[in-house]
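K.L.:
Pasting a structure here, questions to come.
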Amino acid sequence: MEAALKHSHHKILPTHSVYWFLAGLALLYVEAAALLDPLGVPLLPHQMVQDVLRSGFGFYLLLLGIPCCIWVLGWRARDLFVWLMAPHTLTVDDEGLRADGTRIRWRDVREIIEQHADDCVTLRHTGGTLRLRLFLWSDPDVLHEAVLEQVVSRLLERVSHQVSEGKPVRFGPLVLGDLGLIHRGKLWRWDDIESIRLQDEVDQGYASRDLVIVAQGKARKFDEAKVINAPVLLAYLSGRLAG
């Protein structure tokens, strides 16, 4: 790299969460109006409340209104609260990641977990855990690429060193060793492994990404989010198979 890496990213308001937040507040207000109207607290016109309660929607409003409010505000609008608590600027350079007064050095990162469905990267380091919601930051693809490049290269070096010393390295449900890859106690030797790749899946609107390993003529899928350091394993096996 000719120039030192340095990128600054500012946080982006998650408008979809704002819409859910406003919808949750509106539902909460209507629910409160329905519950307080019999007590003489008129949050909405009395006749309007009575019309709503007498409609087919009224029963479900009283029964499910509060649980729905909790679901909308606590789950669908959660990214807004994360955005409010996030630092204004995130800076990535050759040595680490800096957000306000917090700094995480790449050499201190022990695990990286990709959560494609949530567009999130989790970094576990010596000082704790950082959940990086990529869509909350400007240039998310650049941020993602920079984090992967810095973290994977360092972890790959450690993994290669451990394997060369004969030490097994665990990647969630998979264990990497000098003889090959172990899954549920079964060894796939290097000659048994044909390929490894990432594959995107969409099931009923839910997007996920699988790590697909073809071994002994059979393709096996592993949820990328459950394979700790999946990008490192992918890089190691890709290099090993290519060599």
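Numbering (the working numbering), first residue to last: 1 to 243. Just so you know, even glycine gets a beta-carbon here, dropped at the ideal spot from N, CA and C.
1) Enumerate in chain order the residues of its own chain whose CB-to-CB distance from residue 127 is below 8 Å, with the five nearest sequence positions on each side excluded.
2) What do you get for residue 56, buried or exposed, if any count of 16 or more other CB atoms within 10 angstroms of its CB means buried?
3) Give the range of the beta strand (DSSP E) segment to which residue 171 is assigned.
4) So, does the stretch 209-223 touch the stretch 185-200, judging by three or more C-beta pairs under 8 Å?
5) Residues in the same chain with beta-carbon distance under 8 Å from residue 169, minus the five sequence neighbours each way, listed in chain order, please.
6) So who's on the other strand from residue 78, going by DSSP bridges?
7) Assuming residue 93 and residue 5 form a contact by the criterion Cβ under 8 Å, report the distance between their Cβ atoms to the nearest whole angstrom.
8) At which residues does the alpha helix (DSSP H) containing residue 15 begin and terminate?
9) Would you report the Cα separation of residue 230 and residue 38, rounded to the nearest angstrom?
10) Could you check what DSSP says for residue 41 in three-state terms: helix, strand or coil?
11) My parser needs the alpha helix (DSSP H) runs of 4 or more residues fully inside the stretch 53-98; what are they?
12) Tell me whether residue 149 sits in a helix, a strand or coil according to DSSP, three-state version.
13) Skipping 5 residues on each side, what residues in its chain have a beta carbon closer than 8 Å to that of residue 52?
14) Assuming residue 77 contacts residue 21 under a Cβ cut-off of 8 Å, what Cβ separation, rounded to an integer in Å, is found between them?
15) Compare the Cα-Cα distances from residue 80 to each of 18, 232 and 234 and report the closest residue.
16) Going by Cα to Cα distance, which pick from 125, 180, 120 and 157 is closest to residue 145?
17) Could you spell out where the alpha helix (DSSP H) holding residue 138 opens and where it closes?
18) Within the same chain, show all residues whose beta-carbon is closer than 7 Å to that of residue 142, passing over the 5 residues directly before and after it, in chain order.
19) I'd like to know whether the C-beta atoms of residue 10 and residue 89 end up nearer to each other than 9 Å.
20) DSSP state of residue 202, grouped into three classes?
21) What would DSSP say about residue 165, mapped onto helix, strand or coil?
22) Along the chain, where does the beta strand (DSSP E) that runs through residue 180 open and close?
23) How close, in whole Å, do the beta carbons of residue 124 and residue 114 come, if the pair is a contact with beta carbons under 8 Å?
P.N.:
Taking the structure as given:
1) If you number the sequence shown from 1, residue 127 lands on position 127. Counting only Cβ-Cβ distances below 8 Å, and skipping sequence neighbours, we find 104 and 108.
2) In the sequence shown, the residue the question calls residue 56 occupies position 56. Classification for residue 56: exposed.
3) Locating residue 171 in the sequence shown gives position 171, where the first residue counts as 1. Taken as a continuous stretch (DSSP letters only), the beta strand (DSSP E) holding residue 171 covers 169-171.
4) yes
5) Your numbering for residue 169 matches position 169 in the sequence shown. Cβ within range, chain order: 159, 162, 163, 175, 176 and 177.
6) For the purposes of this step, residue 78 is identified with residue 78 of the sequence shown, where counting begins at 1. Per DSSP, none; premise fails for residue 78.
7) Within the sequence shown, numbered from 1, the residue matching residue 93 stands at position 93. Within the sequence shown, numbered from 1, the residue matching residue 5 stands at position 5. Right, their Cβ atoms sit about 6 Å apart.
8) Counting from 1 along the sequence shown, the entry for residue 15 is found at position 15. Segment 15-36, the alpha helix (DSSP H) holding residue 15.
9) For the purposes of this step, residue 230 is identified with residue 230 of the sequence shown, where counting begins at 1. For the purposes of this step, residue 38 is identified with residue 38 of the sequence shown, where counting begins at 1. So the alpha carbons of these two residues sit roughly 57 Å apart.
10) Counted from its first residue, the sequence shown places residue 41 at position 41. Residue 41: coil per DSSP, three-state reduction.
11) 56-71 and 78-85
12) Here the question's residue 149 lines up with position 149 in the sequence shown. Three-state DSSP puts residue 149 in a helix.
13) Within the sequence shown, the letter at position 52 stands for residue 52. 30, 34, 58 and 61.
14) Here residue 77 is taken as the residue at index 77 of the sequence shown, counted from 1. Here residue 21 is taken as the residue at index 21 of the sequence shown, counted from 1. Confirmed, Cβ separation roughly 4 Å.
15) Indexing the sequence shown from 1 puts residue 80 at position 80. Among 18, 232 and 234, the Cα nearest to that of residue 80 is on 18.
16) In the sequence shown, residue 145 corresponds to position 145, counting from 1. It is 120.
17) Stepping through the sequence shown from its first residue, residue 138 is reached at position 138. Residue 138 -> no alpha helix (DSSP H), and no H or E assigned at all.
18) Counted from its first residue, the sequence shown places residue 142 at position 142. Contacts found: 7.
19) Numbered from 1 along the sequence shown, position 10 holds the residue referred to as residue 10. Numbered from 1 along the sequence shown, position 89 holds the residue referred to as residue 89. Taking 9 Å as the Cβ cut-off, residue 10 and residue 89 qualify as a contacting pair.
20) To locate residue 202, count along the sequence shown from 1; it is residue 202. It is a strand residue.
21) Counting from one through the sequence shown, the residue named residue 165 turns up at place 165. In this structure, residue 165 counts as coil in the three-state DSSP scheme.
22) Within the sequence shown, numbered from 1, the residue matching residue 180 stands at position 180. Start and end: 180-183.
23) Taking the first residue of the sequence shown as position 1, residue 124 is located at position 124. Taking the first residue of the sequence shown as position 1, residue 114 is located at position 114. Not a contact, Cβ separation roughly 13 Å.
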